[in-house]
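Protein chains in written order, with the working numbering: chain E, 384 to 647; chain S, 384 to 647; chain C, 384 to 647; chain D, 384 to 647.
Virtual Cβ for every residue (Gly too), placed ideally from N, Cα, C.
All values reported here derive from a predicted model rather than from experimental measurement.
These notes are about the structure you will find just below.
4 protein chains.
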Amino acid sequence: MPNKLDEARELLARANRMIANEGVLDAFGHVTMRHPTDPRRYLMSRSRAPELVEPADIHEFTLDSQIVTPIEARLYGERVIHGEIYKARPEVNAVCHHHAPSILPFCISGTELKPVYHLGATLGEKAPFWDSRDEFGDTNLIVAKPEEGASLARALGPYWMVLMRRHGATVAGTTLEELTFRTIYTARNAAMQIQAHTLGLVSPLTAVETELAGEYNLRPGPVMRAWEYWSVRLDKAEGTLHKRAAKPARRANKRSKVKRRRGR
Amino acid sequence: MPNKLDEARELLARANRMIANEGVLDAFGHVTMRHPTDPRRYLMSRSRAPELVEPADIHEFTLDSQIVTPIEARLYGERVIHGEIYKARPEVNAVCHHHAPSILPFCISGTELKPVYHLGATLGEKAPFWDSRDEFGDTNLIVAKPEEGASLARALGPYWMVLMRRHGATVAGTTLEELTFRTIYTARNAAMQIQAHTLGLVSPLTAVETELAGEYNLRPGPVMRAWEYWSVRLDKAEGTLHKRAAKPARRANKRSKVKRRRGR
Amino acid sequence: MPNKLDEARELLARANRMIANEGVLDAFGHVTMRHPTDPRRYLMSRSRAPELVEPADIHEFTLDSQIVTPIEARLYGERVIHGEIYKARPEVNAVCHHHAPSILPFCISGTELKPVYHLGATLGEKAPFWDSRDEFGDTNLIVAKPEEGASLARALGPYWMVLMRRHGATVAGTTLEELTFRTIYTARNAAMQIQAHTLGLVSPLTAVETELAGEYNLRPGPVMRAWEYWSVRLDKAEGTLHKRAAKPARRANKRSKVKRRRGR
Amino acid sequence: MPNKLDEARELLARANRMIANEGVLDAFGHVTMRHPTDPRRYLMSRSRAPELVEPADIHEFTLDSQIVTPIEARLYGERVIHGEIYKARPEVNAVCHHHAPSILPFCISGTELKPVYHLGATLGEKAPFWDSRDEFGDTNLIVAKPEEGASLARALGPYWMVLMRRHGATVAGTTLEELTFRTIYTARNAAMQIQAHTLGLVSPLTAVETELAGEYNLRPGPVMRAWEYWSVRLDKAEGTLHKRAAKPARRANKRSKVKRRRGR
């Protein structure tokens, strides 16, 4: 019988691979969650591409982003992004840092990312913009020092997503499943907003619509419906799905022709 | 020997998965059809991502969008979109509600979606634009109340597709196969229109061309040709296609070189 | 020992599936070739999506686009596109008609498609624009009548590709392999031209560059290199490729680390 | 026990296939490396699509781009791109020439490619623009003559990437792994820059940020993390990955629901 920590590792590894499988994470970026029984710790993979993360890769870290049981393998350089947000926001239980192709254009141009459809409302009313130069001047852009992580956490403030100038985004959630939902749908929202700019004037949801739609879509029903979907897509991509019993297309097609003849 | 209802369930589940496999549906959205023998009912899946829908997931609903035989599982929240359109339009036998990435930019910017090529002519002359705020003010954007569904059905009027502000689109068809065709090709048409805006002036089909091309492409021949195509693509994606007997590329290539030497 | 006609059927079916597998053809469109021993005939599939075409689907047609041995199955409606070009252009031995997503924006906006890189030079100096309304007024856009096909062939003139207003494109080649190359790389060229418009001024190859680069890339070497590539990709997609003997990534990675330690 | 040359061939074949699998190379383009023990030679495949390159396809060339042991098979026409860069830049040990869809719009429009995010900083401060007409007038665009290769190498100068007008790009690296990283992430950077242009003003990294971020990301840790990722993705695409032991999604989902009930 698996204990809570084993279960959390299994889920967190899966969330890493799911978000990568949906094209939001690539070789870089990371997903973490707060320890299921000890809120003063969080769980994070050793340094490797999220698409490859297995439960055994996941280790415990203090909120100061020190590994609890040292290992030989390399660790992620940007652990403090996670640790400092867990410190600042007790209600946050999962964090994702990424460089999604649809989000970067906003980080490059400074254009405001807005909730432009109901599923994008999970972004919340606002995604603040953090410019590392404001406090730290010219750097390698990597958020590696505790004070850099703390500065980013301050920029996030009470919101759920922060854009990082010419770098990427960091997203927070109250649960791992909510985080996964918000991470993927804010990336989709960004892609749609870019395309809408091609057509003309972009008009976002109103503040009230954003609040109501965000609330609606983050209920367990929609969140778990999406989780199941991304999870099965991952299983398909990894070749671990139990194949549906083969139903030849031919029969469905023949049936369909019969119906048409009869039905139109 | 399968009865009509079993056949309808099989087809409807397949249509859900086909449209998802073509990228028009994701974790959300739904495809329904009118009951094959009782026009006062329609068939719809329980709440789950369309790509995962199986025949056993499909249940019967009254036109007031009440499930005929209650189940434990969660139902879709936006059933009234379908029920109210079936009420208002007796000739409609299938409905799809979706949030396709190529359609949303029109729902966000308010730009008119137009038939810009012959296959897009299945859109019809016009896709009306429904703004939920006109009658209901600020909401969560979800069309869950009967009066909201009825309002959307009125906006659809005699047309075949209605755009929903910052939400998505709803498409109707006289058969499930026609609906599938219209849903996918209007999404393709939208993607082409966006790209055409990048190049310059977008000029749509004339009204007469739209009517003639729409009529031509919705005959059983083209509709079933496309259905077979999407169905086989689904079987490939699900790994249930009977693999073609292996014909090594090598031979085709060698043959081809011989031909070139001889033929040019 | 296969005869020439059987070999041609095998190759033509493969070309249909290859071009579809590269995203240029979808449920519609068709690829044909002139009969390998009788220039007064051409070979074409019965009506089905190109991705599904098998050698047994391919039949012989006269240049008036009549099937030589009548069959029960449905035929493509736009046969005359092919027949009339074979009539008008004795050096043309293969034709593809398609609605590629990257080409349609040009057919919709009227923007000129230009060779913008060396592989796009296979387009030739110019792709004329054919507007069906000029001779035929408002139609269903389908090129089904001999006079429509003849008009299109006249518009093509001595060139290798003709754009069809709000409909698609038709491409010609002296061999099936050359046609495949030109069809795919003109579609790629179109996608790049659209993206270049986003950045600013688009400047095409000069006339001399176009001629020289087109000539270079249509030699047997490049054409067969690309054919082998698309053919193997098709085999992968169809699951008929003999899998490469498994070489675990692990060893390659370990080796690589060793090298780095030593080599930098 | 494999010797250094065999190991190099294995790695180089894999790099060709990996970069192709990430969509940067198609039927054309090539990746080479300097001979592991003889700096006056380099290794390159015979002429075939990079996605198909096997260790046995790889041969030795002098820096004058002559094959050391002549073979019957066709060679790449643009060998001098590689040979002349290896001559001019002793610290360069790997070169990739490609026509990536995200890079060509810059080669067509003349817009400057800039490092717009930290991973794109591996581009370095500048990607010079080489116009073959400046020295050679109208050509077929192919860099086949030694003087053309030398001209391109001069244009590259001390930088790591050179754009080639209406043709493509050539990228250099001190190791094969660094080259792979720079090739893929400069292509990603280009795609993001194009999208950022759609939104508005594009602002790149500062010179200091570019230097620091480039340095950080080219350390062995990030480079090998990305190499492992692309390598496993290649194995997946080629069907040679040892499948993960099947863990049904169902259990992960059920577990997840339990957690939610408890945890929110």
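Proximal residues of chain S, C-beta to C-beta of residue i below 8 Å
{"i": "Asp-521 (chain C)", "result": "Thr-589, Val-591, Glu-592, Leu-595"}
{"i": "Cys-490 (chain C)", "result": "Tyr-500"}
Cβ of residue i within 8 Å of any chain S Cβ
{"i": "Ala-579 (chain C)", "result": "no"}
{"i": "Arg-429 (chain C)", "result": "no"}
{"i": "Leu-487 (chain C)", "result": "yes"}
{"i": "Val-615 (chain E)", "result": "yes"}
{"i": "Lys-637 (chain E)", "result": "The predicted model places Lys-637 (chain E) with a pLDDT of 42, which falls under 50 and marks its position as unreliable; any figure quoted below should be read in that light. For Lys-637 (chain E), the answer is no, since every Cβ of chain S falls outside 8 Å of its Cβ."}
{"i": "Arg-633 (chain C)", "result": "Any reading at Arg-633 (chain C) must be qualified, since the residue scores a pLDDT of 38, below 50, and its modelled position is unreliable; the value itself is stated next. Closer than 8 Å: no."}
Distance cut-off 7 Å: residue i Cβ against heavy atoms of the ligand SAM
{"i": "Ala-477 (chain D)", "result": "In terms of ligand content, the structure shown is empty, and the ligand SAM therefore cannot be addressed."}
Contact list for residue i against chain D, beta-carbon separation under 8 Å
{"i": "Pro-484 (chain E)", "result": "Arg-571, Ala-574, Met-575, Gln-578"}
8 Å Cβ cutoff, residue i in contact with chain E
{"i": "Ala-432 (chain S)", "result": "yes"}
{"i": "Glu-530 (chain S)", "result": "no"}
Min CB distance residue i to chain D below 8 Å
{"i": "Ile-464 (chain E)", "result": "no"}
{"i": "Leu-732 (chain E)", "result": "No answer is possible for residue 732 (chain E): it lies beyond the span of chain E, which begins at 384 and ends at 647."}
{"i": "Lys-640 (chain C)", "result": "Reliability fails at Lys-640 (chain C), whose pLDDT of 41 lies under 50, so the model's placement of it is uncertain and the value that follows must be treated cautiously. Closer than 8 Å to some Cβ of chain D, the Cβ of Lys-640 (chain C) qualifies, so yes."}
{"i": "Leu-535 (chain E)", "result": "no"}
{"i": "Ala-628 (chain E)", "result": "Residue confidence for Ala-628 (chain E) is low, a pLDDT of 42 falling below 50, so the modelled location carries little weight; the figure read from the coordinates is stated next. For Ala-628 (chain E), the answer is no, since every Cβ of chain D falls outside 8 Å of its Cβ."}
{"i": "Ile-441 (chain E)", "result": "no"}
Within-8 Å CB hit, residue i to chain C
{"i": "Glu-495 (chain S)", "result": "no"}
{"i": "Arg-644 (chain D)", "result": "Any reading at Arg-644 (chain D) must be qualified, since the residue scores a pLDDT of 36, below 50, and its modelled position is unreliable; no value is offered."}
Neighbouring residues, chain S, relative to residue i (Cβ below 9 Å)
{"i": "Gly-556 (chain E)", "result": "The contacting residues do not exist; Gly-556 (chain E) stays about 16 Å from chain S at best."}
Interface partners of residue i on chain E, CB under 8 Å
{"i": "Asp-549 (chain S)", "result": "The displayed chain sequence assigns Arg, not Asp, to residue 549 (chain S). Result: Val-499, Tyr-500, His-501, Ser-586, Pro-587, Leu-588, Glu-592."}
{"i": "Ala-609 (chain D)", "result": "Ala-410, Phe-411, Ala-432"}
Distance CB(residue i)-CB(residue j) smaller than 8 Å
{"i": "Ser-492 (chain E)", "j": "Gly-583 (chain D)", "result": "yes"}
{"i": "Ala-391 (chain C)", "j": "Pro-422 (chain C)", "result": "no"}
{"i": "Cys-490 (chain S)", "j": "Arg-548 (chain S)", "result": "yes"}
{"i": "Val-545 (chain E)", "j": "Pro-511 (chain E)", "result": "yes"}
{"i": "Glu-467 (chain E)", "j": "Leu-435 (chain S)", "result": "no"}
{"i": "Arg-462 (chain C)", "j": "Glu-443 (chain C)", "result": "no"}
{"i": "Gly-551 (chain E)", "j": "His-481 (chain E)", "result": "yes"}
{"i": "Ala-504 (chain S)", "j": "Thr-445 (chain S)", "result": "no"}
{"i": "Asp-447 (chain C)", "j": "Arg-429 (chain C)", "result": "no"}
{"i": "Thr-553 (chain S)", "j": "Leu-524 (chain S)", "result": "no"}
{"i": "Ala-367 (chain S)", "j": "Val-407 (chain S)", "result": "Lying before the first or after the last residue shown, residue 367 (chain S) is absent from chain S, which here runs from 384 to 647."}
{"i": "Ala-396 (chain D)", "j": "Pro-438 (chain D)", "result": "yes"}
{"i": "Ile-450 (chain C)", "j": "Ala-570 (chain C)", "result": "no"}
{"i": "Met-401 (chain C)", "j": "Leu-617 (chain C)", "result": "yes"}
{"i": "Asn-386 (chain D)", "j": "Pro-433 (chain D)", "result": "no"}
{"i": "Ala-410 (chain E)", "j": "Ala-590 (chain D)", "result": "no"}
{"i": "Tyr-469 (chain E)", "j": "Arg-417 (chain E)", "result": "yes"}
{"i": "Leu-601 (chain D)", "j": "Val-615 (chain D)", "result": "no"}
{"i": "Thr-405 (chain C)", "j": "Trp-613 (chain C)", "result": "A small correction: the amino acid at residue 405 (chain C) is Glu; Thr does not occupy that position in the sequence shown. Yes. Within cutoff."}
Cross-chain neighbours of residue i in chain S, by beta carbon under 7 Å
{"i": "Gly-604 (chain E)", "result": "Ser-430, Arg-457"}
Interface partners of residue i on chain D, CB under 7 Å
{"i": "Tyr-599 (chain C)", "result": "Asn-523, Ile-525"}
Interface residues of chain C facing residue i [CB-CB closer than 8 Å]
{"i": "Leu-435 (chain D)", "result": "Glu-611, Tyr-612, Val-615"}
TODO: Could you tell me whether the segment 566 to 584 of chain D touches the segment 488 to 504 of chain D, where touching means 3 or more Cβ pairs closer than 8 Å?
DONE: Judged by Cβ distances under 8 Å, the segment 566 to 584 of chain D makes contact with the segment 488 to 504 of chain D, as three or more pairs qualify.
Open item on the list: Does the structure place the segment 560 to 568 of chain E close enough to the segment 470 to 479 of chain S that three or more beta carbon pairs sit under 8 Å?
Closed with: Here the segment 470 to 479 of chain S makes no contact with the segment 560 to 568 of chain E; the two share fewer than three CB pairs at distances below 8 Å.
- [ ] Return the chain-ordered ranges of every alpha helix (DSSP H) run that is complete within the segment 450 to 527 of chain S and spans a minimum of 4 residues.
- [x] 462 to 471, 487 to 492, 516 to 519, all fully within the segment 450 to 527 of chain S.
Open item on the list: I want to know whether the segment 442 to 458 of chain C touches the segment 524 to 544 of chain S - three or more CB-CB distances under 8 Å.
Closed with: Contact between the segment 442 to 458 of chain C and the segment 524 to 544 of chain S is absent, because fewer than three Cβ pairs lie under 8 Å.
- [ ] Write down every uninterrupted run of the alpha helix (DSSP H) in the segment 385 to 412 of chain E whose length is 4 residues or greater and which is fully enclosed by it, in chain order.
- [x] Counting only runs of 4 or more, we get 387 to 404.
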